[in-house]
Structure formats: structure tokens, C-alpha cells
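Below you'll find the structure, written out as C-alpha cells, and then a few comments.
Residue numbers (this note's numbering), protein chains in the order written: chain C, 457 to 833; chain X, 97 to 404.
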């Protein structure tokens, strides 16, 4: 009777498998999580992103300019997506995050080049995410030596051993020293908020169902909207406190700048908190127990961390991954937070991201409300 | 006579499972109606439909004089519902639970009502104790107190005394009768026959269908059941010999005694005739509710099999 019994082990083992197979969601998650992780890490994430969106402002209409633009394109790091007409346009494109690089070839470029009078091109990089620009900036170093190899012949050919024919001036904007914390810390705000808020609400509501208190609650005159508002408001407060702590610590401990854009940040925070809570509420209307709620929240966090541009550059991801990323609120929240803290963007400039968050809130909250029942049907 | 519940044609399906079939319930105001039936027969579903927790597929009538189910919200407001499982907040104190209920119902004098309720419960000195720490009997009393805090006119109790000791059960029923005397209508589901006998009337549901209704005496009389009891050393051993004999609808051991029942007196008597010898003493006894219910269940089952 005593001692180790293999048949008793088999009994427990068999029972465990049966329970596992019966809980289909858990089973699906066990398979889905590694597959998703593998796909995301394998295909979507690229820490040396190429084909970064670049705009050029060519003020010097000459062969050399065309050759330089061609060389940039050929380097694989730069995708010339726009021909800007003015410095103002370049600035606007970069503020809106449409381009990662702005290349300016000044009007006197050819003249200076020919005269060997310190020809320069200006490359401005959006360094708010240092990882996204690092590889490309390194590639720029080789540009002067190669770009004009075929153009510079005869009189203007560089003699051996002399300096490169022109210089590339790189301006890292928004985070000139490429401090990783400047990028990660504001990003963490979005991640921490969604991690805690989605999970807390999802569990909070599922717990009531699991413990049976929901049945009592539903038998009272309390209305669905009242339950939702009442249950979620404390968490809005939790979210605001978390945000305050992170922003405060970002400044105190990591010297992350706060360039302004408080209103945009505040508006973004509000939308993001409400959206995250609504999502948690929605999860709780689907999950049948707290474990399932936890798994779904975790499943949501995967793309939020990997595809939002939090850890890995958004611009380095393939089309499909960016499409998924665009549907995730964290992506937009990251843009709002980084935009206001590092770039000082105001509401109007952050409008696309804020609007995306607004749409998310409306869609998720209405689906959650529609799914939440005053009855047990 | 005013009917607090007068509902008919109640139907409810979950997927392809027809859980409640054309059930009609009438309960007179101030009466306690026992709602009986085996597990899974549709009792809880019926109660949930009456208090608006579930939407019936069909069915109409009046509850507390309000049209059912169109005015379910108003009915809900005037109805107290106590769930089968303890479903107050275990991580709130006794007082906090009651206060929460008072506020959800937007009751006036909330504080006074909670105090009165605590006093009635005899829990004033334990008001700050977490509800989760209470014993089964106390939890049940607290749940009852919470469900009547808003002074409902109809009280629906779903197996309120499951897992509660006999003394607590007796106290509970005492309280229920007190509430009914004050005019509250009570519909209570139970598995206990002694509790069924404490009700003014009973309704028996099996497989979603209402198969008997009336006072306990009426239900027993209508069954047409004749019961003989054999007493003697290990009379219960006769069970296997008598079961299935012609004229015997059912045999049920009661400790060392045996109840043998049938609807045809002649056939039943001839069936037990060979066993009317020492050491057994036989006597006709009035059938108990339990005899009747087991009989009703068996008959309903047989009819279903025959129909299928």
C-alpha cells in the first residue's frame, strides 16, 4: 500500500490530462502562445531595421545630388518616401512620425563640392528610438566615400589620401545622446498601464461571476452601466496614480525630458486608461474563470510589447506586423507619450494617435456593453 | 384570494436542452410554496426566470400584480432572491455587505435598516467580521437578511438550507413562517421532505414539467398510492424480493423497516401475502410525501420512455 505506486501516478496524470483537454481555452493558449512568440520574434522583430522612411529636400539640382539620393536608396537603410519642398515640410513629417530621416542637400552643394569648400549634406534622424536609427546612422559614415565614386572623375576626382569629397552632418533629434531610457521609460508608461489595468478589470469582474456574487448583483436593480462605471472608476484612479509615479520617476531618476504637450499626454492617458479598462471588461464577459481571464490578458500583452514599437522599432517590422501593431492601442499611446515628452507635440500634432485611441475606446466599450448582460442567459 | 405569482406557459431552453417545459405556477399571497423536484429538473431556472435573472423563451402572467415578463425590472425591485450558493462578498464584513445591498436598492434610512437587520440577526457584536469567516448556518442567515432588506413582497429561495444543521434549519423555517405571516409570499426550492411538509403548498417539477401541485395532503391523496410497512428484524432485506413484483410500484427501506407501495390495492396485497409471516409485522400506513414523489418520478420516467 505504501511506497511509490506507478498506477496512482498514472491516475493523477490521466486526470490532469483530461482536465487540461477539457479546458479548451487553456489548451489553445498553450499552443498559441509559443507559436505567436516564435512568429513575432522570428519574423516581425528586427533590431537592425532597414527601409526606414526618409524624406529628402533637394535644393541643389545636380548630378551629384541625384547620385547621393540614389546611394542612400541603395544602402537598403533608407526608403525615400517623400520629396519635400521646404524645411517646414520636413519638420512636419518628422514630428508626425511619418519619416525617420530627413535628408537636406543644400543649394550650394555642387558648387562647394567642386571647389572642395566643405560640402555638406544634413541628415536629421528621429532618435527618439535610438535602436531604430543606430544602424542607418552607422551606414551614413560610408556614404561620402562611395556615393560619388562614378561621378567624380578628371579634375574633381579626389586624389588618393585626401578627405572625402563631402561631409554628412547627422543631427539626432529629440534624443541627441541616444539615451535608451528616454525611449523605454515613457514607453513603459503605456505597457505598465495596460498590463495592470486590463488584467485587474478582467479578473475583478470574472471573480464576481466565479464566486457567484454576480448572481446576487444581477438580481438587484443595479444597471449594467452602473456596474461598469462603479467597477471601473477605482481603476481609473489606479491608472492615474501609476502614470503619475512613472512620469515623476522618469524625470527624477532618468532625467527624461518633458518637452511640453501636457494636454495631449493627459488626453491620451485618459483615453488609454478607459480603453484598457473596457478591454478588461470585455475579456471578463468572455472568460469563464479567472485563469482564462488571466491568459487572455497575457495574450493581449504579447503583441502590445513586441509589435507596438516599445522594445523593437516599429519601422523595422514587416507590413503585416505593422498592421497588427496599428490595431493595438499601446502603439498609439506610445506615440502620444513619446511625442509629448520627447518632441513636445501638442494635441493637434498628436491628433492621429489620439483619434486612434478614441476609436479603440468607442469600439471596445460598446462591444463590452453589448456583451454584458443583466441576465444570466 | 390574491395570487402573488400567477404565471403559465413558462418555457426555457439552453441550446437544444429544453430545461423548463410549459410550467404554470400559482402561489397565493402570504403563502409558502415548496418547490420540489430532483436535481436538474429546472427548479433553479424557474426561480431565475421569475426574478428576472433569465429571460423566459415564452410564458406570461402576473407576478405581484405586474405583467410578466414585460415588467421584469419592477418585479425584480419587489422581489428578494437568495441564491443556492452563498453569494455575498466574503471579503466584506457583515455590515458592509448589508450596507452595500441597502445602497444598491437605494433604500432610505439605510443605516437604520442595517442596524435593525443586524439586531434581528443577533450579529451586532460581529458586524465587523468578514462574511467569509461565518459558519454555514450564519452565512445562510446573513444571506436571508440581505435578501429581505429591501422588504420585498415576494421571496425566492433556492435550496436555502443545503448543508445547514438541523437546529439552524428549524430556526430558518421559523423565520420564513414569520415573514409569510406578515404577508410576504415565499417560493422555496428544497430537497428535504420535512421542509416540504412545512410549506402551505407544494409544486413538484420533474424534467422541466410540473407533475403535481397542491397541499401535501392533496398531493398524497391524488397519487392514489397505497403503502404497507413491514417491521421486523432486517425487514429491509425483503426489498430485493418484492421489487418488481406485480402490483408493487416501489419499495423503499426506512432503516430496519420497509415501505412497499402500489396504486392497485388488491395486487399489492397479493404481492406481499407470501411475506406476511413471522418475524415481520405488516400494517398499512399513510404514504409519505417521499413515497409519493419517488412514485411520481418513476411514473414520469416510464411515460417518457414509453413516448420515446
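Cβ atoms here follow ideal geometry from the backbone N, Cα and C, with glycine treated the same way.
Nothing here was measured: the structure is a model prediction, and the numbers come from that model.
Asked	Found
Contacts that residue 677 of chain C makes with chain X (C-beta to C-beta distance below 8 Å)	169, 172, 173, 200, 201 and 202
9 Å Cβ cut-off: residues of chain C touching residue 181 of chain X	667, 668 and 671
Chain-order list of residues whose beta-carbon lies under 7 Å from that of residue 678 of chain C (same chain, five-residue window excluded)	none
Through-space distance from residue 622 of chain C to residue 616 of chain C, alpha-carbon basis	The pLDDT assigned to residue 616 of chain C is 49, lower than 50, so where the model puts this residue is not dependable, and the model offers no usable value.
Where residue 247 of chain X sits in the DSSP three-state scheme	coil
Where the alpha helix (DSSP H) containing residue 362 of chain X begins and where it ends	361-368
Minimum C-alpha distance to residue 736 of chain C - residue among C:756, C:723, C:826 and C:717	C:756
For residue 728 of chain C and residue 575 of chain C, the rounded distance between their alpha carbons	47 Å
Where residue 269 of chain X falls, given that 16 or more other Cβ within 10 Å makes a residue buried	buried
Integer Cβ distance of residue 335 of chain X from residue 353 of chain X, believed to fall under 8 Å	The pair is not a contact, with the Cβ atoms about 11 Å apart (cut-off 8 Å).
Within chain B, partners of residue 184 of chain X - CB distance below 8 Å	Here chain B cannot be found, since the structure's protein chains are C and X.
Cβ distance (whole Å) where residue 661 of chain C is taken to contact residue 740 of chain C below 8 Å	3 Å
Contact list for residue 177 of chain X against chain C, beta-carbon separation under 7 Å	675
Three CB pairs or more closer than 8 Å across the stretch 158-171 of chain X and the stretch 233-244 of chain X	no
Three-way DSSP call (helix, strand, coil) for residue 285 of chain X in this model	strand
Nearest candidate by alpha-carbon position, reference residue 296 of chain X, set X:305, X:318 and X:272	X:272
At least three beta-carbon pairs within less than 8 Å, the stretch 583-602 of chain C to the stretch 630-641 of chain C	yes
Helix, strand or coil at residue 777 of chain C according to DSSP, with G and I counted as helix	helix
Counterpart residues of residue 504 of chain C in DSSP-defined beta bridges	DSSP output for residue 504 of chain C lists no bridge partner at all.
Residue interval of the alpha helix (DSSP H) (run including residue 401 of chain X)	385-403
Within 8 Å, strictly: CB atoms of residue 261 of chain X and residue 304 of chain X	no
Straight-line gap, residue 542 of chain C to residue 513 of chain C (C-alpha atoms, nearest Å)	7 Å
Collapsed DSSP secondary structure at residue 97 of chain X in the structure displayed	coil
Cβ contact check for the stretch 492-505 of chain C and the stretch 762-772 of chain C: 3 or more pairs under 8 Å	yes
Pick from C:703, C:507, C:626 and C:511 that is closest to residue 646 of chain C, judged by C-alpha positions	C:703
Simplified DSSP state of residue 225 of chain X, which is helix, strand or coil	coil
Residue 412 of chain X versus residue 301 of chain X: straight-line alpha-carbon distance, rounded	Lying outside 97 to 404, the shown extent of chain X, residue 412 of chain X is not represented and no answer is given.
Residue 276 of chain X beta carbon less than 8 Å from that of residue 178 of chain X	no
Cross-strand partners of residue 377 of chain X (DSSP beta bridge)	X:327
Closest Cα partner of residue 697 of chain C within the set C:641, C:778, C:648 and C:744	C:648
Delimiting residues of the alpha helix (DSSP H) encompassing residue 766 of chain C	Neither: residue 766 of chain C is in no alpha helix (DSSP H) and is coded neither H nor E.
Length at least 4, wholly inside the stretch 626-701 of chain C: the alpha helix (DSSP H) runs in chain order	636-667 and 669-674
Span separating the alpha-carbon of residue 225 of chain X from that of residue 189 of chain X	5 Å
The stretch 769-789 of chain C touching the stretch 797-804 of chain C, judged by at least three CB pairs closer than 8 Å	no
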